[in-house]
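> What follows is a single structure, and I will ask about it in a moment.
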Amino acid sequence: MRGLWLLIGLLGATGVTLGAHAAHGLEGQLAEMGLSSEEIAKRLNQSEVGVRYLMFHVLALLGVCANSARLSPRSLKLIASLFLLGMLMFSGGLFLMVYAGVIGHWAIVPGGGLFLILGWLALAASAFSRTSQQSVS
């Protein structure tokens, strides 16, 4: 569990750092690369979406961990794994597009979105586990 808290903290710090960079320096950095205004706007939007989804899911994972006593160890591991893999693929894929111009593996982003959705569904399904039902009553 300590490792999960560490990851949550590091991912949260990463989200804030990349969000601040997008707000205060990314546009100039992209312009210096000689990109068109359309490409700059596209990458700024991709960065904003990546940061937003990263931070939403960091907060979701924080909530899951804070309520881990209500979850079975298996449910906690499944939900955390799906969210972490989803954040890595979705937000990480967008950040690769923004900062490195990598678009060769574009399917990684929607694949990450699928893992995020599966994480939410696993969280919803955990409401029906014996551990969740016992802690609510």
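Start counting the sequence shown at 0; every next residue gets the next number (numbering that gives the first Met the number 0). Note that the Cβ used here is the ideal one computed from N, Cα and C, for glycine as well.
Which residue spans inside the segment 25-89 form an unbroken alpha helix (DSSP H) run of at least 4?
The segment 25-89 contains these whole alpha helix (DSSP H) runs: 25-31 and 36-65.
> What does the Cβ neighbour count give for Leu10, buried or exposed, with the cut at 16 atoms within 10 Å?
Buried is the call here.
> Answer yes if the segment 50-57 comes into contact with the segment 80-87, meaning at least three C-beta pairs across the two stretches below 8 Å, and no otherwise.
Yes: at least three Cβ pairs fall under 8 Å.
> So Ala21 and Leu43 are in contact, right, with Cβ under 8 Å, and what is the actual spacing, rounded?
That pair is a contact at about 7 Å.
> Would you mind working out which of Val97, Leu93 and Ala65 sits nearest Gly110, comparing C-alpha positions?
Of the listed residues, the one whose Cα sits closest to Gly110 is Leu93.
> Look up Val101 in the DSSP assignment and say whether it is helix, strand or coil.
Correct three-state label for Val101: coil.
> Met96 by DSSP, collapsed to three states: which one?
DSSP places Met96 in helix when its eight states are reduced to three.
> So the alpha helix (DSSP H) Phe127 belongs to, where does it begin and stop?
That residue, Phe127, is in no alpha helix (DSSP H); it is neither H nor E in DSSP.
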